[in-house]
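Residue numbers (our numbering): 17 to 272.
All remarks here apply to the structure that follows.
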Ligand code: HEC
Ligand code: HEC
């Protein structure tokens, strides 16, 4: 009976949300993307407000981070990256190993927040746990982090290529742009943008990211093992199926 109630609420909220929802079109859009977007605009879009409440209040470190980002010096960041990070993230931040994330072109605010979150306070635990990244950030000063994110944000992201099957991509595409009214998964596009470029400072770019990395993150959020987003993504993913997670990860890899 709860389920029925919930669906009714979802449908009502969705109907309200639909009347106000606008998809922002990027400059570099292809005809194909435009066709996809107009098709999706005419269909159902599950707005995140129905699932996770008001997302704008969820990041506290915001102002501090904006000031720090402005202080970063990319040439210094390039030097540190070449020595400490290139082995896994590639010299220009376009990782070639699918389990290591690409960093090139990512918003500096998001990158800086992640580096801060990977670093454990003295005696404490890190807000974002990672066996790979914890030792990497241990030796970085605040200034190093600012310089590093300035460098990576400036790098051009290699355009994504899809490897998933047509069927999987079709599921991923619908979910990404419209969500799933049946199980209440909100549209990824409403927070991460219709072309996956993200919305700084809160919402990271996803476009072109390696599918295996994305899938790992979705699982970590889902299991509550990554919580440094204040649980927003966990709520997004609560009712998402394994196939949907794989499908949307594949679709994201092809977004550009
Ligand atoms: C041994 C390989 C390795 C090295 C070296 C490494 N990283 Fe990472 N990095 C990873 C892995 C793996 C992840 C994914 C972490 C996770 O979620 O478990 C990651 C994640 C990240 C993220 C988060 C990306 C996102 O989209 O959320 C940032 C930022 C990052 N690394 C920056 C750096 C910087 C800066 C350096 C150098 C100081 C560095 N990394 C060195 C393996 C590495
Ligand atoms: C209500 C807004 C919202 C919605 C809807 C949303 N996300 Fe997110 N997502 C976030 C926030 C906020 C973060 C960044 C968390 C942080 O600061 O660490 C994030 C982070 C992520 C990351 C981690 C990126 C990285 O580089 O590690 C992935 C992957 C992701 N989202 C995928 C999705 C997918 C797929 C969907 C749709 C099923 C979706 N998101 C829907 C808010 C949202």
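By construction, the Cβ of each residue, glycine as well, lies at the ideal position given by its N, Cα and C atoms.
All values reported here derive from a predicted model rather than from experimental measurement.
With distances taken between CA atoms, residue 143 lies nearest to 242 out of 259, 271 and 242.
With a cutoff of 8 Å on beta-carbon distance, residue 263 and residue 156 are scored as not near each other. Counting of Cβ neighbours within 10 angstroms places residue 87 among the exposed residues, the total staying below 16. A contact between stretches requires three or more CB pairs, one per stretch, nearer than 8 Å, and the segment 227–243 fails this requirement with the segment 198–217. 163 is the residue among 207, 150, 194 and 163 whose C-alpha sits nearest the C-alpha of residue 81.
In the structure shown, the three-state DSSP call for residue 196 is strand. Residue 79 is positioned such that its CB atom lies no closer than 8 Å to that of residue 121. By a beta-carbon distance limit of 8 Å, residue 176 contacts residue 223. Their separation comes to about 6 Å. Note on residue 181: under 16 other CB atoms within 10 angstroms of its CB, so exposed under the neighbour-count rule. Burial state of residue 137 is exposed, judged by a 10 Å Cβ sphere holding fewer than 16 other Cβ atoms.
From the listed residues 198, 190, 63 and 237, the smallest Cα separation to residue 145 is found for 237.
If you look at residue 81, you'll find it in the alpha helix (DSSP H) that goes 78–87. Under the 10 Å beta carbon count, residue 140 is surrounded by fewer than 16 other beta carbons and is classified as exposed.
With respect to the C-alpha of residue 107, the residue from 202, 98 and 270 having the closest C-alpha is 98. For ligand 1, a non-hydrogen atom lies closer than 7 Å to the CB of residue 103.
Ranked by Cα distance from residue 149, the first of 271, 85, 103 and 260 is 103. Sequence-distant partners of residue 134 (beyond 5 residues in either direction) whose C-beta falls short of 7 Å from its own C-beta, in its chain, are 142, 144, 146, 149, 150 and 153. Beta-bridge pairing by DSSP links residue 215 to 219.
At least one heavy atom of ligand 1 falls within 7 Å of the beta-carbon of residue 115. Under the three-state reduction of DSSP, residue 165 is assigned to helix. Under DSSP, residue 201 takes part in a beta bridge, and its partners are 196. The residues 226 and 228, in chain order, have a CB closer than 6 Å to that of residue 114 in the same chain once the five nearest residues on each side in sequence are set aside.
Around the beta carbon of residue 125, a 10 Å sphere encloses 16 or more other beta carbons of the protein chains shown; the residue is thus reported as buried.
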